[in-house]
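Q: The structure is given below, and queries will be raised subsequently.
Number of protein chains: 2
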Amino acid sequence: MTTPTPYRYEQLADMIVGMVENGTLEPGARVPSVRAVSEQHRISISTALQAYRLLEERGVLIARPQSGFYIAPARSGALALPSTARARMKPSTVSISGAVAGLLEHASNASLVPLGCAVPDYQLLQSKRLDLALARAARQDGARYNVYCEPRGEASLRREIAKRAMRVGHTLAPDDVQITGGCTEALTLALSAVAKRGDTIAIESPTYFGLLHTLEVLGLKAFELPTDPTRGVDPGALARLLEAEPVAACVFSSTFNNPLGSAMTDANKRALLALLARHAVPLIEDDVYGDIYFGRERPTPFIALDGGANTIYCSSFSKSLAPGYRIGWIAAGAYSRQVMERKLAFSLCGPVLPQVALAEFLSTGAYDAHLRRIRRVFEANLMQLARTVEAAFPAETRLSRPAGGFVLWLELPRGFDSRALFDRALDKGICFAPGDVFSASRRFRNCLRLSAGHAWNGRVEDGVRRLGRLAKAMLAA
Amino acid sequence: MTTPTPYRYEQLADMIVGMVENGTLEPGARVPSVRAVSEQHRISISTALQAYRLLEERGVLIARPQSGFYIAPARSGALALPSTARARMKPSTVSISGAVAGLLEHASNASLVPLGCAVPDYQLLQSKRLDLALARAARQDGARYNVYCEPRGEASLRREIAKRAMRVGHTLAPDDVQITGGCTEALTLALSAVAKRGDTIAIESPTYFGLLHTLEVLGLKAFELPTDPTRGVDPGALARLLEAEPVAACVFSSTFNNPLGSAMTDANKRALLALLARHAVPLIEDDVYGDIYFGRERPTPFIALDGGANTIYCSSFSKSLAPGYRIGWIAAGAYSRQVMERKLAFSLCGPVLPQVALAEFLSTGAYDAHLRRIRRVFEANLMQLARTVEAAFPAETRLSRPAGGFVLWLELPRGFDSRALFDRALDKGICFAPGDVFSASRRFRNCLRLSAGHAWNGRVEDGVRRLGRLAKAMLAA
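Sequence lines, in order, name chains A and B. Position 337 of the first sequence, counting from 1, maps to 337 under UniProt numbering, and the rest follow consecutively. Position 436 of the second sequence, counting from 1, maps to 436 under UniProt numbering, and the rest follow consecutively.
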């Protein structure tokens, strides 16, 4: 199997990205209209529109009503995108827990400039309405909810989640949904349902260190697939892996993966799903960032593209609304029984009142208004962070350009040591996530992740500037 | 190693139990004073008192202030105690999930007479004060608690739990405590920290089916140790096992194990701990029922007897206060780091506001008043249930005599099929737990467990009577 040929809209989109990167199209410039570009490139209007929408989703273009499309003003210095990691030849035994514990210890230290943790700041989340729903449920109905709920979770919450699934193009019944303790427990249940100790799991690279930690504790090996900062996982690399050796499952982000923020096209998602179906390898998808998109439409999760035939969908409310409530969910399709049995065996069921409160909050429609606000907040934060990085970091720095979520991935020249930068930054009261915790094989030592989950203010901006100066000094030395 | 010789106070206690069982001492009878019995048996007053206290703890004697000790009036027909299972020769691969799921499906069906689930009824628990603490915390501080708390759990709750540990004779610092999603998650974390797939775990037999389910999903084998309905696990049987084959860990109840309600003496607990220390086998203790004692003093958990050197202590608030809050904890001693890493990898951390509310509730001292009330409620319930069983079940029925908790274990003559009884009882709208779900090797098919966790009323009493008649009819057929 070879890498699929890009669609024409993807070719057009890539061409425009190239023109931005080489300076032909400057930030703020108006791009030709959809009609004009369709004539110039002899493509249909819908293909041209598809390209523009993709670029909008990736944060390259901005649509202005009644006016047309413009190059996003986010970037002043227009740093290049990070490179894609080369393919590795074999799975890695994961041993990340020490590094993760070390990072988390600092990441929760409120005295440091908070660029380390991919957790939204409570001051941005404004959870008042949800908290009042919890207060009301506890006061009025606390006694009668002082029971073990069904292992699958409160029926009212499962119903609300199933209703929302329709918006991403997938139909779920309440009984298809299993409530979990955040997306972390969802991934734990999914992995333990489909794989056993020693099995290989294919993952994105770089990937979220929490996933690596879960793989380690479950005794699973990680096969790291090259992941492009905008396009996501390379279907060709996955095809070669599946031909070469047994893989128990894949864990991929639906969109805006942590730390790259890639947005895989639906076409590539379909290609991956077809490949996996042919090899009968289940896909565990992690969609915690899917609701935090900056473009016009919510990206489509894998489950909506294969109807859940081979997909185990995991998500939560932790990135968008309520990290403190620890409520996630899983739609495990063919693996529902195994997942429910594991939930029962590992933790029986979740606390009832937070589920009741969240169901109440969702049923009022308040979540959609909340999401509209929080998306704009994160988009603005990320833009501020990117501008400051461009101004303060070495010119050779490569920078991701996510169209959703709230983290940036920085790649410095080969040989740069982000661990040494981490230690120096801590001394100066600044925390970030060094690159090597995002890899089972400790790659990406020249990279780092910065979070824009906190309110943008002078202290944060100053921290980013100082971090950039430290990086410049290290690079010059 | 041979079975340890019983202490003199245990010999005296056994003698008195024998006199109750053969009818010499009738319910309500006053037993000789401590002074008189010490003279009769040429033992010290403190030894005699120790025997009486043990019998009080086991529910055989009742102390009346200024008056002396009396045979507990609980039993009218004085059914014999259940027998102790014979030792098994080898560990069993566990396959219980189907049976557990089948039972739970019915156990949560509110239209059935609720004798199936060992969960306290919310109407008995009266959690109003705790619920109001949650409502207050959510209303006043919801926003700022909308964060991931430390993986170990909210510091204020860990502090309150550490303070309470002193009452059972053990000293814990807040950082020795890890908050979990109920005792189920505590046991999962403990087992996964000390054992790997294929290892053998020594357990009580019969034991709580949830533990069997966790062993199954973690791929652990169960070695079932004979467990006496009053004395608990037989140290001699454990000694023989440890000589014979590798055991990764033991999981024992501290006291009032589910389903037998045994109360192991401190001497036997010390003997077990010495044995385990000699073989370097960790003990995971489950103390969820320890606060629900009917005697004068709280039974001593293992951790207080070995200072936690070789003990991983697990407990929760689910049986005594708040099943709906899903808050348990673990004091893992030497395994603290492994347990915390697993918590992080499996579920990151627990929801914050329920922990804050519980800490507030504990800090007011309200829990002690609550426990005093709920102990009397469960004791009265259990007495009513025992009386009704004695009146309605076949005379050959053997019946446990727990001095804490809220379940009874019934043993019917060999050949009796409690699965068939289960099916017939469901037809009549009655749920209970058939005996074979309490064993990895599907023993105890002639046994059943009845829960007294619900308010005692005419419907429940009538259900027990009808169940007894069904059992009589089956036995006669």
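C-beta: ideal position from N, C-alpha, C; glycine also. Model, not experiment: these values are computed from the prediction.
(1) Can you tell me where the beta strand (DSSP E) holding B/VAL407 begins and where it ends?
(2) In three-state DSSP terms, what is A/THR364?
(3) Beta-carbon of A/GLY116 versus every beta-carbon of chain B: anything under 8 Å?
(4) If you count every other CB in all the chains shown that lies within 10 Å of the CB of A/GLN355, and 16 or more means buried, which is it?
(5) Taking the C-alpha atoms as reference points, what is the distance between A/MET474 and A/PHE416?
(6) Would you verify that the beta carbon of A/CYS314 is, or is not, closer than 8 Å to some beta carbon of chain B?
(7) Taking A/LEU242 as part of the alpha helix (DSSP H), name the residues at either end of that continuous run.
(8) Strictly below 7 Å CB to CB, what residues from chain A border B/ASP175?
(9) Which chain A residues sit within Cβ distance under 9 Å of B/PHE438?
(10) Which chain B residues sit within Cβ distance under 8 Å of A/SER127?
(11) Taking 8 Å as the cut-off, does the stretch 459 to 466 of chain A touch the stretch 379 to 389 of chain A (at least 3 CB pairs, one atom from each stretch)?
(12) Where does A/GLN126 fall in DSSP's three states?
(13) Identify the contact partners of B/TYR325 in chain E, using a Cβ-Cβ distance below 9 Å as the criterion.
(14) Can the beta-carbon of B/LEU421 be found closer than 8 Å to that of B/SER127?
(15) Does any C-beta atom of chain B lie closer than 8 Å to the C-beta of A/ALA322?
(16) I'd like to check one pair, B/ARG326 with B/GLY181: are the Cβ atoms closer than 8 Å?
(17) Of the residues that make up the stretch 374 to 395 of chain A, which ones have a beta carbon closer than 7 Å to any beta carbon in chain B?
(18) Determine contact between the stretch 182 to 195 of chain A and the stretch 161 to 180 of chain B, defined as no fewer than three beta-carbon pairs at a distance below 8 Å.
(19) Going along the chain, which residues of its own chain have a beta-carbon closer than 6 Å to the beta-carbon of A/ALA133, five neighbours each way excluded?
(20) Which one of B/LEU241, B/GLU216, B/LEU218 and B/LEU344 has the shortest CA to CA distance from B/LEU225?
(21) Closer than 7 Å to a non-hydrogen atom of the ligand SAM - does that hold for the CB of A/ALA392?
(22) Let me check understanding here. Comparing Cα to Cα, which of B/CYS431, B/GLU245, B/VAL31 and B/ASP291 lies closest to B/GLU379?
(23) Which residues in the same chain have their Cβ closer than 6 Å to the Cβ of A/ALA87, if we skip the five residues on either side of it in sequence?
(24) Which value, in whole angstroms, describes the spacing of the CA atoms of A/PRO114 and B/PRO351?
(25) Hey, how far is the Cα of A/GLY198 from the Cα of A/ILE312?
(26) Among the residues of its own chain, which have a CB less than 6 Å from the CB of A/ILE62, if the five just before and after it don't count?
(27) Since A/PHE393 and A/PRO206 should fall inside the 8 Å C-beta cutoff, what is the C-beta to C-beta distance between them, to a whole number of angstroms?
(28) Please report the distance separating the alpha-carbon of B/LEU371 from that of B/VAL288.
(29) For A/PRO226, write down the residues that DSSP places opposite it in a beta bridge.
(30) Can you name the residues of chain B whose CB is closer than 8 Å to the CB of residue 492 of chain A?
(31) Under 8 Å, do A/SER33 and A/GLY68 count as touching if we go by C-beta distance?
(32) Looking only at its own chain, which residues have a Cβ that is under 6 Å from the Cβ of A/GLU57, when we skip the five neighbours before and after it?
(33) Name, please, each residue of chain B whose Cβ falls closer than 9 Å to the Cβ of A/TYR289.
(34) For B/SER92, count neighbouring C-beta atoms within 10 Å of its own C-beta (all shown protein chains included) and say buried if the count is 16 or more, exposed if not.
(35) Answer yes or no: do B/SER316 and B/GLY328 have a C-beta to C-beta separation smaller than 8 Å?
(36) Could you list the residues in the stretch 212 to 237 of chain A with a C-beta less than 9 Å from some C-beta on chain B, going in chain order?
A: The structure says:
(1) 407 to 411
(2) DSSP places A/THR364 in coil when its eight states are reduced to three.
(3) no
(4) Flag for A/GLN355 reads buried.
(5) 8 Å
(6) no
(7) 235 to 244
(8) Those within 7 Å of B/ASP175 in chain A number zero; the least Cβ separation is about 13 Å.
(9) The premise fails here: B/PHE438 is roughly 16 Å from chain A at the closest Cβ pair, so nothing lies under 9 Å.
(10) GLY142, ALA143 and ASN146
(11) yes
(12) If DSSP states are grouped into helix, strand and coil, A/GLN126 belongs with coil.
(13) Looking for chain E here will not work: the only protein chains present are A and B.
(14) no
(15) yes
(16) Taking 8 Å as the cut-off, the Cβ atoms of B/GLY181 and B/ARG326 count as close.
(17) Listed by position along the chain: nothing, the set is empty.
(18) no
(19) ALA357, GLU360 and PHE361
(20) With respect to the C-alpha of B/LEU225, the residue from B/LEU241, B/GLU216, B/LEU218 and B/LEU344 having the closest C-alpha is B/LEU241.
(21) In terms of ligand content, the structure shown is empty, and the ligand SAM therefore cannot be addressed.
(22) B/ASP291
(23) Correct list, in chain order: PRO226 and ALA237.
(24) 22 Å
(25) 21 Å
(26) TYR70 and ALA72
(27) That belief does not hold up - the Cβ atoms of A/PHE393 and A/PRO206 are roughly 18 Å apart, past 8 Å.
(28) 13 Å
(29) A/SER205
(30) Look at the range of chain A in this structure, 1 to 477, and you will see that residue 492 of chain A is not part of it.
(31) yes
(32) ALA263, GLY295 and ALA403
(33) Within 9 Å Cβ-Cβ: nothing; A/TYR289 doesn't reach chain B, min ~16 Å.
(34) With 16 or more other Cβ atoms from the protein chains shown falling within 10 Å of its own Cβ, B/SER92 counts as buried.
(35) yes
(36) HIS213, THR214, LEU215, GLU216, VAL217, LEU218 and GLY219
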